Structure formats: C-alpha cells, structure tokens
Amino acid sequence: MKRSLKILLYAFGRQWVRREKELRRLRRLAYEDELTGIGNLRAFREGMTRLMNAGERFALLYLDLDRFKEVNDRFGHLAGDRVLREVAAVLGELATGRTRAYRLGGDEFALVVPADGDTGAVMESLRREFTSSNRLRIGDLHVGASVGVARFPEDGGTCEQLIGCADRGMYVEKGMRGLGEGVG
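The structure is reproduced here in structure tokens:
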C-alpha cells in the first residue's frame, strides 16, 4: 500500500509539473509577441484596462518606426525582423519597474509609464537610442521612431481614446520631421 501511494504521488507530481509548464507556455503564446518576446496587443489592452479600472495615472508612449518599410524593401524581411527585435530590446531596457513595453503589430510599439515614473527621462532615453544607436542601423539606413504621448485620464478614459490621442501626436511629430504618412 505504501509503495502504491508513493507511485501515485510521484505520478501526480509529474503530471502537475507538466501541466504547469504547459500553462506557462500557453500564457506566453497568448501575451507575448512571438518575434520580439515583449508584450503583445492583448497584453497591452489588458494592462491598460487594469490600470484604468484601478484609477492609476499613467502615460502611453506610442511609437511608429521611421523608414521601416525602406528596410524591408532594400534589405528584406529578415533584416526587418532583426530591426524589430532590436527595437524591442531597446524598449525592454527602458521598461524597468512598472513601465511595460509592447509590440502592437507591424512596426508599432508602446511603452506604458506609470505616473510615478519619469516620462521625460524615458522620452530622453528613447530619443538618444533612436538618434545615436548603431544597433538600429542597417547598411547606410538608420531607423528612427516618431513618438506620440497620451496621459490617463487627461487625454482619454478608454484604450481607444488614448491610442487615438497618442497616434495623432505621433503623426504630428512625423509630419514635422518630413516623414509623412505611409513611409513607416
């Protein structure tokens, strides 16, 4: 009887460990961008909704890569994928504490910075990385980013309103730098 109980407990333990590993794998698939390893659109929306429901103030930094279409056209999609992974690495380095990095799709990214974080310092670091970092260079082409900012609750009370506000700010910046819509 004792031996049977040990075998049963051992088998149950192994099954539990396998189940936990599978749950972690499924969660990763559901909430991480497969290419970059940072949060995906689902994680972004759920994270923002959680913050808004808790009444926590935060800033949304919405990024769109400049000259990304040119990277794909001139150097191929594998080079484009490398750029996306490098951008995610830059954002991941800036996502300290409660700041979170996400890839929303294509060449669009977001950082969510809690109100107690220093949005100005994060923006300064972003600008520095995107203007001077050689890791965002492919051949003679340097990939930049246009950034729009929205703050909760000042600029909107829903995900859509905040994204819309930040998106408009991003296109204003893109226009000021002469990059225009559709250049990506």
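Count along the sequence shown starting at 1, add 22, and that's the number in this note's numbering. For each residue, glycine too, the CB sits at the ideal point set by N, CA and C. For clarity, every value in this text was computed on a predicted model and none was experimentally measured.
Could you check the C-alpha separation between T71 and E115 for me, to the nearest Å?
-> In the sequence shown, residue 71 corresponds to position 49, counting from 1. In the sequence shown, residue 115 corresponds to position 93, counting from 1. One alpha carbon belongs to T71, the other to E115, and they sit about 24 angstroms apart.
Out of curiosity, what's the CA-to-CA distance linking Y84 and L184?
-> Taking the first residue of the sequence shown as position 1, residue 84 is located at position 62. Taking the first residue of the sequence shown as position 1, residue 184 is located at position 162. Rounded to the nearest angstrom, the gap between the Cα atoms of Y84 and L184 is 10 angstroms.
Which term fits G166, buried or exposed, when burial requires 16 or more other beta carbons within 10 angstroms of its beta carbon?
-> Taking the first residue of the sequence shown as position 1, residue 166 is located at position 144. Classification for G166: buried.
Find the nearest neighbour of R173 within the set L163, D162, H164 and G186, judged by alpha-carbon distance.
-> Within the sequence shown, the letter at position 151 stands for residue 173. Nearest C-alpha to R173: G186.
For E130, which of helix, strand or coil comes out of DSSP?
-> Counting from one through the sequence shown, the residue named residue 130 turns up at place 108. In the structure shown, E130 sits in a strand (DSSP, three-state: E or B).
Should the segment 155-166 be called in touch with the segment 83-99, which here means at least 3 C-beta pairs below 8 angstroms?
-> They touch, by the three-pair rule.
Is the beta carbon of R122 less than 7 angstroms from the beta carbon of F131?
-> Position 100 of the sequence shown holds residue 122. Position 109 of the sequence shown holds residue 131. No, the Cβ-Cβ distance between R122 and F131 is not below 7 angstroms.
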